[in-house]
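For reference, the structure is listed below as structure tokens.
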Ligand SMILES: Cc1cc2nc3c(=O)[nH]c(=O)nc-3n(C[C@H](O)[C@H](O)[C@H](O)COP(=O)(O)OP(=O)(O)OC[C@H]3O[C@@H](n4cnc5c(N)ncnc54)[C@H](O)[C@@H]3O)c2cc1C
């Protein structure tokens with residue numbers, strides 16, 4: 001449980017960070033809160049020569065709420081996200097989901113940027129971001145570009161982010177007032193990844209459903225959202241079941257996961273409907 | 001002066017003796033991070049050792065190339081079996097009469113097995129060295145199923161035993177067979193089964209799991225080449241036995257070995273065994289002349305050091321139509337992994353599994369246990385239980401439920417009509433034990449009343465109706481358990497480990513000013529010995545517990561004892577403590593009589609002093625007596641005031657308890673919620689009620705983990721699937737149920753203070769209680785038996801198989 005040796009870098013600005021990334025190619029990796037990456041390094045499943053710590057880069061921090069839009073700096077910790085009252089009013093779904101991630105100790109360190117950039121199907125934020133129709137801002141040598149969360153995930157640990165790009169900000173549209181929301185997650189214990197989790201929004205002209213840890217990427221289903229918008233809950237569940245592709249693990253066999261996925265989704269929908277104004 | 005105004009009750013309270021909820025003296029350092037654990041030990045020039053472990057469950061080792069590892073900066077040596085062989089240390093004896101590879105000798109038998117030992121200047125270099133060792137494996141067919149292991153053409157696991165038809169415990173009938181252990185009367189039991197009104201039959205599996213001490217296993221070995229003395233600090237639950245074993249296998253004279261168990265962060269049986277890390281660290285220290293530390297990672301611990309349980313228990317229970325049990329039959333297939341490294345008394349290869357008649361008056365019984373080799377880690381320790389007692393308790397408490405289903409009877413009533421009655425004690429069980437004392441009916445009634453049993457059953461029935469009407473998806477399960485343990489091993493006449501009789505010891509020295517130090521042969525791993533044993537002495541000789549230092553774990557200073565496991569500390573060392581204290585009291589009486597100028601028989605003990613009979617104003621306090629013992633020349637009495645006692649218990653003790661759990665179960669997700677958990681424990685005389693309560697909370701939480709999710713799982717290739725805390729279930733405060741504790745007191749008649757031991761009762765009793773609650777919820781739908789752990793998907797599977805998902 002001891003990582004192989006590596007060089008540690010702590011740049012103070014984005015340009016230097018990208019410079020170091022480019023200089024070392026796939027030998028280098030950025031570290032945010034370290035709560036996904038460092039365990040992998042300790043298991044020697046991730047071996048890298050250069051670790052670039054993003055903690056000192058001020059521009060990656062901060063939560064901004066403007067007209068109709070929230071911007072989260074990539075280095076915002078899950079704890080900061082939970083503690084922010086304005087954010088909880090603007091997009092209450094974020095706090096509800098973040099509170100179901102890991103435990104307080106992990107949330108003091110784990111960042112929202114690390115959670116979405118990681119590409120682990122177990123992470124809760126990617127599905128959540130797809131449900132909310134977030135956009136990720138990436139900064140690289142060629143400048144800045146944006147990718148929709150719904151187009152970001154390619155396979156487990158593979159995303160649209162190039163190796164030498166850094167995720168800087170997450171841009172979120174604020175759902176209209178009165179939108180019903182819910183994040184429901186079944187897990188074995190505090191600190192566990194989801195057996196199945198569902199993010200649901202139901203509102204005026206906006207119904208969106210995404211699920212977590214039921215495929216090698218988060219699953220956002222347009223059909224499920226459309227069915228839900230039309231009040232067809234079972235149609236929504238069916239569309240989602242058609243979209244997921246869970247694998248057997250210690251949480252249980254596939255049939256169980258599919259069953260639970262449907263139950264959790266229905267519960268999230270019920271809860272979202274009950275909150276809809 | 002103050003003495004004279006204090007009543008005897010006040011003086012007694014000031015002692016903080018037996019019955020007092022004295023705060024744990026250990027916690028001052030533990031809660032401040034000031035404990036001294038093995039990993040806190042830092043010696044000049046200390047090196048670190050770490051293992052190369054096998055990625056295969058069964059493979060031949062074709063070659064080991066250490067060249068690259070030796071080139072890693074900081075790596076000083078890489079030990080393999082070839083290096084240990086000239087010393088005769090490439091294999092070592094196990095506690096169960098088998099032998100075990102220290103480092104892989106030609107092949108590996110389980111994933112995670114120790115293959116090479118890298119010695120380096122620090123942990124980082126050692127880890128890099130481990131990664132650089134190249135091992136060429138040729139994989140062999142893997143057996144993880146103990147039944148398939150006994151197929152005629154199953155792969156041969158232990159080639160070293162080829163042709164050996166006789167093992168440490170009798171004949172071996174197959175190349176993967178270790179022993180058969182039989183108890184009771186087979187013919188009589190089978191006759192009863194053949195003629196019984198009712199026979200219930202079931203396979204009860206108690207899955208493989210693992211103790212989870214917060215601190216993993218480890219040691220520091222330091223060979224002083226000048227004095228020739230080896231000092232070994234380690235996480236040992238039995239330091240004295242480790243010294244003897246280390247001497248026997250290394251050839252170093254026993255007086256030249258000093259074993260020290262410092263603070264230990266939980267043991268639960270995991271730290272009873274002797275592991276390759278200890279042997280390799282000693283060798284490495286001898287070779288390098290420097291101290292060598294080895295501390296397991298969590299993965300190392302879960303993969304390689306001793307597991308627990310893994311018993312397949314086929315049961316048959318016979319009864320009359322009225323529910324009176326007439327016989328019990330059990331055949332167990334015990335999966336021991338690649339080596340038989342169970343930690344049991346020598347004559348008990350399946351531990352005290354023959355306590356499996358439980359709390360019930362069962363006239364005839366038969367038990368057979370077959371031990372089998374598989375490609376899994378060795379072990380088979382008692383995880384917070386006396387040797388295999390939790391398996392036995394789980395078996396009988398499940399069989400009672402299975403019988404209740406067959407008889408269509410209430411399981412509480414079935415227990416009631418079969419309990420051993422109070423007037424039957426001491427009770428001879430059909431499988432050979434003499435239960436010392438018990439009052440099961442009283443405990444049972446108290447428990448049923450406390451939880452409002454009848455009202456609970458009515459609520460459960462109403463819920464079931466609501467469920468059937470489609471108004472709810474949650475069922476209620478009521479889990480019942482009445483367990484009887486057998487602890488305090490044990491009488492030297494039948495209990496030994498590697499030939500060492502299982503007595504224990506205490507030595508007490510009273511200082512001139514009336515304070516004291518006591519040393520015991522046991523070793524606390526969090527049980528609070530420094531607190532409770534001082535309380536025994538306080539009550540026995542009238543010195544305040546706060547004035548007594550307690551020491552354990554250093555073989556150079558403590559009297560010899562067999563250590564702490566199997567709830568034996570209070571029954572055995574606690575008895576030795578009381579006996580040593582009584583020797584001191586007897587001498588104090590002579591001194592007091594001399595000082596008071598009366599005959600020995602004319603003084604009597606009164607809390608903290610001896611008083612002249614009939615003249616209570618004439619007395620000598622223990623403080624005065626202590627001083628006198630150091631400064632007066634008393635004819636016929638040696639100076640000083642100290643005593644030692646080695647206590648060979650005449651019998652085991654038999655703690656018991658009644659546990660009741662109410663659980664809500666979601667049939668759709670398989671989730672559960674423990675609504676209430678009531679635990680009544682009878683551990684005889686209660687020394688410190690607060691510590692008892694703490695022990696019950698801790699043990700019940702481990703029991704909860706085991707019943708509801710904790711397991712060591714392997715796939716068909718022998719890959720370990722639960723080697724991290726992501727998948728190995730350890731409840732957090734959030735999942736942990738709330739407990740209500742209660743008690744009755746039935747002292748042990750043969751123990752000097754009547755105490756029976758409690759540390760393991762809650763693990764033994766709670767596992768069947770939680771499991772029975774799950775089963776009970778589904779009983780109306782026809783569920784008879786479903787194996788633990790009852791994690792979400794397995795509970796969901798019960799509901800699915802019963803057609804409850806529509
Ligand atoms: C015990 C435990 C339980 C957990 N439970 C959950 C859970 O239930 N749900 C859940 O969602 N998560 C869970 N996590 C993961 C936790 O939330 C992580 O902290 C999070 O997934 C990653 O965030 P981080 O800041 O720690 O990222 P890091 O570990 O630092 O990085 C993760 C990956 O993302 C990359 N990365 C990080 N930041 C950027 C960036 N700005 N640009 C580009 N790449 C970047 C890194 O290079 C790395 O590959 C758990 C973790 C632990 C230890």
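Chains as they are written, first to last, in full-length UniProt numbering: chain A, 1 to 277; chain B, 1 to 806. Each residue gets a CB set at the ideal place from its N, CA and C atoms; glycine is no exception.
Nearest to residue 273 of chain B by alpha-carbon distance, out of B/379, B/799, B/156 and B/483, is B/379. Under DSSP, residue 220 of chain B takes part in a beta bridge, and its partners are B/233 and B/293. The beta carbon of residue 299 of chain B falls within 8 Å of a beta carbon belonging to chain A, placing the residue at that interface. For residue 51 of chain A and residue 137 of chain A, the gap between their C-alpha atoms comes out near 22 Å.
Within the model, the alpha-carbon separation for residue 129 of chain A versus residue 152 of chain A is close to 10 Å. Not a single heavy atom of ligand 1 lies less than 7 Å from the C-beta of residue 486 of chain B. A distance criterion of 7 Å places the beta-carbon of residue 166 of chain A in contact range of ligand 1, judged by its closest non-hydrogen atom. Taking 8 Å as the upper bound on Cβ-Cβ separation, chain A lies near residues 709 and 713 of the stretch 702 to 720 of chain B. Burial check for residue 228 of chain B: the Cβ neighbour count within 10 Å stays below 16, so the residue is exposed.
For residue 250 of chain A, at least one C-beta of chain B is nearer than 8 Å to its own C-beta. Secondary structure of residue 78 of chain A (DSSP, three-state): helix. Under the three-pair Cβ rule at 8 Å, the stretch 618 to 636 of chain B counts as touching the stretch 507 to 517 of chain B.
Checking the 7 Å criterion, the Cβ of residue 155 of chain A is out of range of every heavy atom belonging to ligand 1.
The DSSP assignment places complete alpha helix (DSSP H) segments of no fewer than 4 residues inside the stretch 232 to 268 of chain B at 239 to 250, in order along the chain. For residue 29 of chain B, the number of other beta carbons within 10 angstroms of its own is below 16, and it is reported as exposed.
With a threshold of 8 Å between beta carbons, residue 48 of chain B makes no contact with chain A.
By DSSP's assignment, residue 59 of chain B forms a beta bridge with B/108 and B/139. Nearest CB-CB separation between residue 186 of chain A and chain B: below the 8 Å threshold.
The Cβ atoms of residue 661 of chain B and residue 756 of chain B do not sit closer than 8 Å to each other. Cβ-Cβ separation between residue 76 of chain A and residue 61 of chain A: approximately 7 Å, consistent with a contact (criterion under 8 Å). One Cα belongs to residue 484 of chain B, the other to residue 358 of chain B, and the distance between them is close to 5 Å.
Not a single CB atom of chain B sits nearer than 8 Å to the CB of residue 35 of chain A. Residue 663 of chain B is positioned such that its CB atom lies closer than 8 Å to that of residue 777 of chain B.
In the DSSP secondary-structure assignment, residue 663 of chain B is bridged to B/477 and B/674.
The three-state secondary structure of residue 329 of chain B, taken from DSSP, is strand.
Chain-ordered, the chain B residues with CB closer than 8 Å to the CB of residue 259 of chain A read 668, 796, 800 and 805. The C-beta distance from residue 195 of chain A to residue 260 of chain A rounds to 6 Å, short enough to meet the 8 Å contact threshold.
Going by beta carbons, residue 697 of chain B and residue 659 of chain B fall outside the 8 Å limit.
In the structure shown, residue 535 of chain B adopts helical secondary structure according to DSSP, grouped into three states. If you check the C-beta of residue 124 of chain A against ligand 1, you find a heavy atom less than 7 Å away. About 6 Å separates the beta carbons of residue 306 of chain B and residue 270 of chain B, which is inside the 8 Å limit, making them a contact pair. Put simply, the CB of residue 106 of chain A is far from chain B, with every gap to its CB atoms at 8 Å or more. Between the C-alpha atoms of residue 252 of chain A and residue 709 of chain B there is a straight-line separation of about 12 Å. By the neighbour-count criterion, in which 16 or more other beta carbons inside 10 Å mark a residue as buried, residue 144 of chain A falls on the exposed side. A contact is defined here as three or more CB-CB pairs under 8 Å, and the stretch 216 to 226 of chain B fails this definition with respect to the stretch 420 to 427 of chain B.
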